[in-house]
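Worksheet: the structure to be examined is printed underneath.
So this is what it looks like as structure tokens:
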């Protein structure tokens, strides 16, 4: 596609529910990243996929967070048993190898 | 671990004037990259400028330039001839040159307001 696409744009959920956030990277990009941006803060790295290699999960804050990337393209970030502190903007980015990063517009997650 | 600090939560500039946003970082590495990103209300992060640590020459992109002081671990962004469209959040970011990947460490951001 023309850019990195994320859906939904906004998600409101109740505490304890599971949510899935989707990222569709730029076609041909080998690397995909998830970042979290809490209100008024900078971005926090969550997870990184590069080709068929095992993902770098070092930034995931707890085992309630998981992500997969199917067929080397679309990625889904899943948050189980959501908590209020999970409320944030979740940004996805992609790049070809380690070249310039292109970001999506993010998903604003609100946990009530 | 690397850290990036932006000490100015908010800055304001008059249209057509010049403004400088500050950034300091902490690292034990000698080879790395530094970035400034702009985040408008659309939330999409847009790369403004990039600096390689091994280059002494400061990067410049049109009205945007940096003052990179490696010994002081300082990386400020200067915006000349400020325009209304420059109003946004600005984030400084660090990336190690070691290993694969584009994992960035971000500062907390500076909100830039441009007054007409």
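Protein chains in written order, with this note's numbering: chain A, 6 to 117; chain B, 1019 to 1134.
Where a beta carbon is used, it is the ideal one built from N, C-alpha and C, also for glycine.
From this set, the options, which residue's C-alpha is nearest residue i's C-alpha?
i: residue 66 of chain A; options: A:58, A:113, A:52; result: A:52
i: residue 90 of chain A; options: A:43, A:47, A:82, A:54; result: A:43
i: residue 1090 of chain B; options: B:1098, B:1040, B:1033, B:1078; result: B:1040
i: residue 41 of chain A; options: A:70, A:117, A:77; result: A:70
i: residue 36 of chain A; options: A:18, A:58, A:20; result: A:58
i: residue 1038 of chain B; options: B:1116, B:1021, B:1123, B:1098; result: B:1098
i: residue 92 of chain A; options: A:7, A:12, A:18, A:13; result: A:18
i: residue 84 of chain A; options: A:21, A:108, A:110; result: A:21
i: residue 1092 of chain B; options: B:1082, B:1076, B:1080; result: B:1076
i: residue 1025 of chain B; options: B:1081, B:1042, B:1131; result: B:1042
So, under 8 Å CB-CB, residue i and residue j are touching, yes? Tell me the CB distance rounded to an integer number of Å.
i: residue 100 of chain A; j: residue 1120 of chain B; result: 5 Å
i: residue 98 of chain A; j: residue 24 of chain A; result: Between residue 24 of chain A and residue 98 of chain A the Cβ distance is about 20 Å, and since that is not below 8 Å, they are no contact.
i: residue 73 of chain A; j: residue 63 of chain A; result: That pair is no contact at about 16 Å.
i: residue 1106 of chain B; j: residue 1123 of chain B; result: Not really, about 20 Å apart at Cβ, beyond 8 Å.
i: residue 1084 of chain B; j: residue 1067 of chain B; result: 6 Å
Just by C-beta distance, which residues in the segment 11 to 32 of chain A are closer than 7 Å to chain B? none
Interface positions of the segment 1085 to 1115 of chain B facing chain A (Cβ-Cβ less than 7 Å), listed along the chain: 1109
Proximal residues, the segment 1061 to 1087 of chain B versus chain A, C-beta separation under 7 Å: 1061, 1062, 1063, 1065
Touching by the beta-carbon criterion (3+ pairs, under 8 Å), the segment 1040 to 1050 of chain B and the segment 1069 to 1084 of chain B: yes
What ranges does the alpha helix (DSSP H) occupy inside the segment 47 to 110 of chain A, keeping only unbroken runs of at least 4 residues that lie completely in it? none
Please give the ranges of any beta strand (DSSP E) in the segment 1027 to 1060 of chain B, keeping only runs that are unbroken, at least 3 residues long and fully inside the region. 1028 to 1032, 1037 to 1039, 1042 to 1044, 1050 to 1057
Okay, do the segment 1099 to 1107 of chain B and the segment 103 to 117 of chain A touch, 3+ Cβ pairs below 8 Å being the bar? no
Please list the segments of the beta strand (DSSP E) lying wholly inside the segment 1066 to 1091 of chain B, counting only runs of 3 or more residues, in order along the chain. 1082 to 1087
What residues in the segment 43 to 69 of chain A bring their beta carbon closer than 9 Å to a beta carbon of chain B? 45, 46, 47, 48, 49, 50, 53, 55, 58, 61, 63, 64
If the cut-off is 9 Å on Cβ atoms, which residues from the segment 90 to 105 of chain A count as contacting chain B, listed in chain order? 94, 96, 98, 100, 102, 103, 104, 105
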